[in-house]
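Under mature numbering (1 follows the signal peptide of the UniProt record, and there is no 0), residues -22 to -1, 1 to 277 are what the sequence shown spells out, in order. By construction, the Cβ of each residue, glycine as well, lies at the ideal position given by its N, Cα and C atoms. This report refers to the structure that appears directly beneath it.
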Amino acid sequence: MSSLKIVPLFFLLSSAVIFCQVQEINDRPIIGIITQEVSDEVFFQYGKTYIADSYVKYLESAGCRVVPIRLNLSEDEYLYLFHSINGVLLPGGAVDLLNSSFSRTAALFYKLSIEAASSGIYFPIWGTCMGFQVLTALTSEKNLLSNTSAENISLPLNLMDDISSSKMFRHAPQELLHVVSTENITANFHRFNSRGQLSGENLPCVQSVSSGRPTCRIHGRWTTADREVNRFQWSKGYVFPHTENAIWLSQYTANFFVNEARKNSNRFPNAKEEESALIYNWSPTYTGNISGYEMVYFF
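Put into structure tokens, the structure is as follows:
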């Protein structure tokens, strides 16, 4: 893979952020969330694909609306969505990083984002947990993951020295950076970690090392951890941090991503098409009694 494909877009921060000229700030941002195939047997009765409601609420809490990006649409349908929305979130889950309907759909939006960046158009992509892992696979064209032990655990982060120069956190309050590095407020549900770091000066990594699990090293830009669970998932079977500082961190990252999406001026052709695409056209199902998700949208 050429360096040009690595530099313009990884996660949502890139050299393209520097060179893309923002024409206007969009105060009605819409972000797409890619659905994924149902793999848990308890969900089979509800539908074939899903989006956890916690991701929807996570984005909505920062002032945007959500469009579900369903699997197995035509390329023309995906192109239509790409030119109508202002960013994409790749959620966590459990699918093949290179050979699944989810990863193929993510790859198309990744490709379109890079092409847009080369034309000076900023289209941010956020990857959480598995979504972040998919981005590493798309960037490197191989699976960089190896087995690890970081499942159902909350950790502080060991911040890299240059964290204050990163686009995401250069304006973060010092108090927030302090609590993130000293308190167990990042939820982790990982069976895999990355083998080393992706190359390129535009791809700095943040790593967190659990003092209780010294072999566990999680690389990522704070998005590997599941931010949405802090505020919107409540199962007592999982270590979801719900402290005031955990909520603060979750809201900070949501605000950041949605504000990045405001820099994209894509719009649906008309109000009717916009309304028909929004996730408001579906109703979530209560699943808190059978899973770690309180509610899920099924498709």
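Helix, strand or coil, according to DSSP, for residue i in the structure here?
i	result
Glu238	helix
Phe80	helix
Ile92	helix
Thr164	strand
Asn136	strand
Leu227	helix
Gly190	Confidence in Gly190 is poor, its pLDDT being 38 and thus under 50, which makes the residue's placement too unreliable to answer from.
His156	helix
Ile63	coil
Glu38	helix
Gln185	Bear in mind that a pLDDT of 35 at Gln185, under 50, signals an unreliable position, so the model cannot answer this.
Val73	coil
Which two residues bound the contiguous beta strand (DSSP E) that contains residue i?
i	result
Tyr28	27 to 30
Val44	43 to 47
Ile11	8 to 12
Gly105	103 to 105
Span of the alpha helix (DSSP H) holding residue i?
i	result
Gly109	108 to 118
Phe276	Phe276 -> not in any alpha helix (DSSP H); beta strand (DSSP E) instead, spanning 273 to 276.
Leu67	Leu67 -> not in any alpha helix (DSSP H); beta strand (DSSP E) instead, spanning 66 to 68.
Lys250	249 to 255
His149	From DSSP, His149 is part of no alpha helix (DSSP H); its letter is neither H nor E.
Glu53	53 to 60
Restricting to Cα atoms, I'd like to know which of the options is closest to residue i.
i	options	result
Pro262	Glu252, Ala115, Val274	Val274
Gly98	Thr114, Ile268, Ser243	Ser243
Asn77	Tyr100, Glu93, Val66, Leu116	Leu116
Ala84	Asn233, Ala30, Ile12, Met146	Ile12
Asp5	Trp260, Asn233, Thr265, Ile268	Asn233
Ile9	Ser96, Ile3, Pro102	Pro102
Glu2	His149, Val44, Lys250, Lys241	Lys241
Ser159	Ile141, Gly109, Lys145	Ile141
Name the DSSP bridge partner or partners of residue i?
i	result
Thr263	Val274
Glu15	Thr27
Have a look at residue i and residue j and give me their C-alpha separation to the nearest angstrom.
i	j	result
Phe277	Asn237	28 Å
Pro46	Asp54	16 Å
Ala224	Leu155	12 Å
Glu119	Leu86	14 Å
Ser143	Ala239	21 Å
Ala40	Gln229	7 Å
Thr164	Pro219	7 Å
Cys91	Ile257	At residue 91 the sequence reads Ser, which differs from the Cys that was named. Each residue's Cα considered, the two are about 22 Å apart.
Ile268	Gly70	18 Å
Asp74	Ser81	7 Å
Lys89	Ile63	15 Å
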